[in-house]
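Numbered according to our numbering, the sequence shown spans residues 24 to 196.
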Amino acid sequence: MDGRAAVQAEDSFRLVYAEAFAEPPYNETENDVKATFRRFRSQTRRTAFRAALARTEDGEPVGIAYGHPLGADTRWWDQLTEPVAEDMRREDGRRTFGLMELAVRPPWRGRGIARRLHETLLQGVGAERVLLNVHPGSGAASAAYRAWGYRKVGEARPWAGADLHDVMVLCLD
């Protein structure tokens, strides 16, 4: 889906996000969810924003994935605790797709839904690579990303007061 369609489905995205990230190691509160969805609305206005939403046959939302290409002015690379080479951090609005969120509600985990959401979201994205942050305490997510070909390139605190997250990259070409 594009940004307009994602906004129309915001309640479904919010439900999945709130349930998935209420658990450890995230322990997100209602205020954390509100902050995420203020950013979500801003992100959906980006020209190349894309999202995927998994639902059951009867329409119940079970998983989400969304992101957008990183612009030349992205601050993502500035958040790393140790700088990376200039060639790694070079962005032009097409080179890197930023995977902002990928989540599946607990009752539906272990069924390949996250992988299918990931594949659907990235199909035809046209970027050289994908960049994401993952909490290292989320063993299942970290293991899935490694199994899908991501490699850790550093650590970052994605927002003020955040736990240290692993920064991972997947080369698409």
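Using N, Cα and C, we set each Cβ at its ideal position, and we do this for glycine too. What you are looking at is a predicted structure, and each value in this text was computed from that prediction instead of being measured.
In this structure, the straight-line span from the alpha carbon of His158 to that of Asp81 is close to 32 Å. For Leu195, the secondary structure class from DSSP, reduced to helix, strand or coil, is coil. The alpha carbon of Gln31 has as its nearest neighbour, out of Gly147, Ala183, Arg68 and Glu42, the alpha carbon of Arg68.
Note: Pro92 is bridge-paired with Phe120 in the DSSP secondary-structure output. Distance from Ala75 to Thr143 at the Cβ level is roughly 5 Å; contact confirmed, criterion being Cβ atoms closer than 8 Å. Here Pro92 is buried. Its C-beta has 16 or more other C-beta atoms within 10 Å. With a 10 Å radius around the Cβ and a threshold of 16 neighbouring Cβ atoms, Gln146 comes out exposed. The Cβ neighbour count for Val153, taken over all protein chains shown within 10 Å, is at least 16; the residue is labelled buried. Runs of the alpha helix (DSSP H) lying entirely within the segment 42 to 95 and spanning at least 4 residues, in chain order: 53 to 67. Boundaries for Val176: no alpha helix (DSSP H) harbours it, while the beta strand (DSSP E) harbouring it runs Arg174 to Ala179, taken from the DSSP string. Secondary structure note for Leu155: its beta strand (DSSP E) is the uninterrupted segment Arg152 to Val157.
The DSSP-derived three-state label of Leu103 is strand. Approximately 5 Å separates the beta-carbon atoms of Gly90 and Gly121; this is inside 8 Å, confirming the contact. For Met24, there is no enclosing alpha helix (DSSP H), as DSSP marks it with neither H nor E.
For the pair Tyr40 and Glu124, the CB atoms are nearer than the 8 Å cut-off.
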